[in-house]
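A short worksheet on the structure shown next.
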Amino acid sequence: MIYDFSFQNRFTKIKRYEIAARKLLGVNEDDPEWIIRNNYLKLAKKYHPDINKKSEELFRDINTAYMILTKKDFDVENAKFLTISEDELEELEKEYAIERKTADYYSYWKNRFF
Numbered sequence: 000m001i002y003d004f005s006f007q008n009r010f011t012k013i014k015r016y017e018i019a020a021r022k023l024l025g026v027n028e029d030d031p032e033w034i035i036r037n038n039y040l041k042l043a044k045k046y047h048p049d050i051n052k053k054s055e056e057l058f059r060d061i062n063t064a065y066m067i068l069t070k071k072d073f074d075v076e077n078a079k080f081l082t083i084s085e086d087e088l089e090e091l092e093k094e095y096a097i098e099r100k101t102a103d104y105y106s107y108w109k110n111r112f113f
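The numbers in numbering that gives the first Met the number 0 rise by one with no breaks, and the one at position 50 of the sequence shown is 49.
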């Protein structure tokens, strides 16, 4: 029997990009959308190319990170514009895995459903 792991691979890529986007915008996994938006606006103002000429690439990354976290027009193809190296992504994945293992599962499910 041949298994199709394309969905799993796509999900893994999306999760990796979400971790990188959260790190870039300085938000946690459980932060509400208004905090994500506030951090995005602060960074966008600070690194806008009209104000800071050398930060065009970083500004593009900030916009992409915001799209990823708010799920606005997001696709894995959009995330390829994030200029984070594979090593940095792997390091972020390890941090994320450690956080997940040390998380209080009771609180996780309580917050998720109640």
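The beta carbon of each residue, even a glycine, is placed where N, CA and C say it ideally should be.
Worksheet item: Between which two residues does the alpha helix (DSSP H) containing lysine 41 stretch?
Response: Against the sequence shown, residue 41 aligns to sequence position 42. Counting along the chain, the alpha helix (DSSP H) containing lysine 41 begins and ends at 32–45.
Discussion item. Given this structure, state the Cα-to-Cα distance separating aspartate 29 from phenylalanine 58, to the nearest angstrom.
Written reply: Residue mapping note: residue 29 aligns to position 30 of the sequence shown, counting from 1. Residue mapping note: residue 58 aligns to position 59 of the sequence shown, counting from 1. Straight-line Cα distance between these residues: approximately 24 Å.
Practice prompt. Could you tell me the boundaries of the alpha helix (DSSP H) in which glutamate 55 lies?
Written response: Locating residue 55 in the sequence shown gives position 56, where the first residue counts as 1. Start and end: 55–69.
Fill in: Inter-residue CB distance, glutamate 17 and isoleucine 67 (contact presumed, cutoff 8 Å)
Within the sequence shown, the letter at position 18 stands for residue 17. Within the sequence shown, the letter at position 68 stands for residue 67. About 6 Å separates the two Cβ atoms, so the contact holds.
Discussion item. Residues in the same chain with beta-carbon distance under 6 Å from alanine 64, minus the five sequence neighbours each way, listed in chain order, please.
Written reply: The residue you call residue 64 lines up with position 65 of the sequence shown. The residues are Ala20, Leu23, Leu24.
Worksheet item: DSSP three-state call for glutamate 17: helix, strand or coil?
Response: As a first step, residue 17 must be located in the sequence shown, where it is residue number 18. Note: glutamate 17 maps to helix in three-state DSSP.
Fill in: Exposure of leucine 42, with buried meaning 16 or more beta-carbon neighbours within 10 Å
Locating residue 42 in the sequence shown gives position 43, where the first residue counts as 1. Label assigned to leucine 42: buried.
Practice prompt. Use the C-beta contact count for tyrosine 49: other C-beta atoms within 10 angstroms, 16 or more gives buried, fewer gives exposed.
Written response: What you label residue 49 is simply residue 50 of the sequence shown in a count that begins at 1. The identity of residue 49 in the sequence shown is aspartate, whereas the question assumes tyrosine. Answer is exposed; the Cβ neighbour count stays below 16.
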